[in-house]
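Participant:
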Amino acid sequence: MSGEVESPNKEMNDEEEEEGDEEEELEEEEEEEQEEEEPRNLDSVDYGKESDQGLDHNLQAQVLQLLDELEETREMVLKHEEDALELQGLLEDERLASAQQAEIFTKQIQRLQAQMRSRKDEFDSLQETKDVELERAEQELQEANEEIHSLRLDAEEAAAVHENEIAGLQEELCRLKVELERVQQVRDEYDMELTALRAEIRMKQELFTGGRTVVGEAHDEEEQLSNTSLEVTKLQGELTSLSTQYVDLKEEFQTLQASNKVMVHQLEKLEALKYKFRNRSEDTPSIESISQWPSDRRFSIIKQPTNQKGSSVSFWSVEIVGVASDYNNEERMEKVDEENEQDVFHQLEVEEKVEMVQTQ
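According to the numbering used here, numbering within the sequence shown proceeds without interruption in unit steps and concludes at 1689.
Put into structure tokens, the structure is as follows:
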């Protein structure tokens, strides 16, 4: 740009020099003419005073006119010189201003180049971070899918075992119910027989007139009555134990049903978590959107393992953390997930208690 400014300055200086040369040539020609005219005038005065007085007057008028023209020419030359000096000063100021502006532009270009390099480095680092996070997210998603698959298999196996246990308990309950009905029927029969024997003994005692035969028969009947009473008492104890066993089996059956429901609910929760995590991984922002993020925004994935004692099932909870101001909906979803996890933990505690009861 300084070269462009200097080139018009040179052209203007050349023009000024040419004008100055022309003016000097004009002045020299006028002086030569004046010098030539002065001797001629002197000669004409010396030799022609007698003959031509009118010519002298005309020559004097021409000399005065030439002197006036010379003075005007000098004034014009001075004026042109002043204009040339003024233009030269303006050109010098413009050259300095152009040099300063060129220096400012150079500094701005250097600063912009440095900013562009820093932005490029930041973009490269963000892209590397993005690739690492995506790779880790894919790996964790694969692990979560494998864990969910194993949990589904464990849940199905546990459900099958529970169903078999429930079927066995139902058969045992039916058998005990039939046995209880049979014992109740036998007890009723013994009660009826005992009542009949007591009535018969009472009648025989009323009609007793004497004799050892009758006394012996009465004694035998009393022994038979006492034996029947002992058998009835034994049957009552057996009935009580069967009733207690029936109640215990019924409670165990209800507990197993509740445990089966808990396992099904846990499996549904795991399926929901898997679906939600898959949707979040599909909504991962692109590299272009990451390049437009501010520097304080980051994307991270945290995997939290939780193991419950006394249970054969382990759970992995996957959480995606972002900027709170940008992801209010995700924050609410995370709160709901925490509540669901607390419910799962509570259900696992209930299952542990059920297993303890089964062990006892």
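For glycine and all other residues, C-beta sits at the position ideal for the given N, C-alpha and C.
Remember, it's a predicted structure, so these values are computed and weren't measured experimentally.
Should M1592 go down as buried or exposed, given a rule of 16 or more other Cβ atoms within 10 Å for buried?
Facilitator: buried
Participant: Suppose you measure from the CA of R1448 to the CA of K1459; what does that come to, to the nearest Å?
Facilitator: 16 Å
Participant: Could you tell me if A1473 is buried or exposed, where buried requires 16 or more neighbouring beta carbons within 10 angstroms of its beta carbon?
Facilitator: buried
Participant: Rounded C-beta distance between S1513 and L1568? I'm assuming under 8 Å.
Facilitator: What sits at residue 1513 in the sequence shown is Gln, not Ser. Contact flag correct, Cβ pair sits at about 7 Å.
Participant: Under a three-way DSSP split, which group does L1395 fall into?
Facilitator: helix
Participant: When you compare each of E1352, E1462, I1433 to V1408 by their alpha carbons, which one comes out closest?
Facilitator: Position check: residue 1408 holds Lys in this sequence, whereas Val was assumed. Closest by alpha carbon: E1352.
Participant: Pick out whichever of L1596, L1578, Y1604 has its Cα sitting closest to the Cα of L1482.
Facilitator: When only C-alpha atoms are compared, the closest one is L1596.
Participant: Decide yes or no for the touch test of the region 1491-1505 against the region 1525-1538: beta carbon pairs closer than 8 Å, at least 3 of them.
Facilitator: no
Participant: Find out if the Cβ-Cβ distance for the pair R1516, Q1565 is shorter than 9 Å.
Facilitator: Yes, the Cβ-Cβ distance between R1516 and Q1565 is below 9 Å.
Participant: Cβ of H1478 within 9 Å of Cβ of L1585?
Facilitator: no
Participant: Could you check what DSSP says for L1536 in three-state terms: helix, strand or coil?
Facilitator: Under the three-state reduction of DSSP, L1536 is assigned to coil, being neither helix nor strand.
Participant: In chain order, what residues of the same chain lie with their CB nearer than 7 Å to the CB of D1625, ignoring the 5 residues before and after it?
Facilitator: With a pLDDT of 43 at D1625, under the threshold of 50, the modelled position of that residue is not reliable, and no figure is offered here.
Participant: In its own chain, which residues sit with a C-beta less than 6 Å from the C-beta of A1484, not counting the 5 before and 5 after it?
Facilitator: Sequence-distant Cβ neighbours of A1484 in its own chain, meaning closer than 6 Å and more than five residues away, are M1592, L1596.
Participant: Alpha carbon to alpha carbon, how far is Y1519 from E1580?
Facilitator: 31 Å
Participant: Would the beta-carbon of F1582 fall within 9 Å of that of L1502?
Facilitator: yes
Participant: Could you name the residues of the same chain whose beta carbon sits closer than 7 Å to that of E1421, not counting the 5 residues immediately before and after it, in chain order?
Facilitator: Around E1421: no qualifying Cβ.
Participant: Buried or exposed: which applies to K1466, given that a residue is buried once 16 or more other Cβ atoms fall within 10 Å of its Cβ?
Facilitator: First, the amino acid is wrong: residue 1466 is Ala here, not Lys. Its Cβ being crowded by 16 or more others within 10 Å, A1466 is buried.
Participant: So, at 8 Å on beta carbons, what are the nonlocal neighbours of Q1429 in its own chain, with the 5 sequence-adjacent residues on each side left out?
Facilitator: none
Participant: Closest to V1507 by CA distance: which of S1572, H1386, A1413 is it?
Facilitator: S1572
Participant: Within 10 angstroms of its Cβ, does L1355 collect 16 or more other Cβ (buried), or is it exposed?
Facilitator: exposed
Participant: Using only the alpha-carbon positions, how far apart do I1433 and E1464 sit?
Facilitator: 46 Å
Participant: Going straight from the alpha carbon of A1587 to that of D1577, what length do you get?
Facilitator: 15 Å
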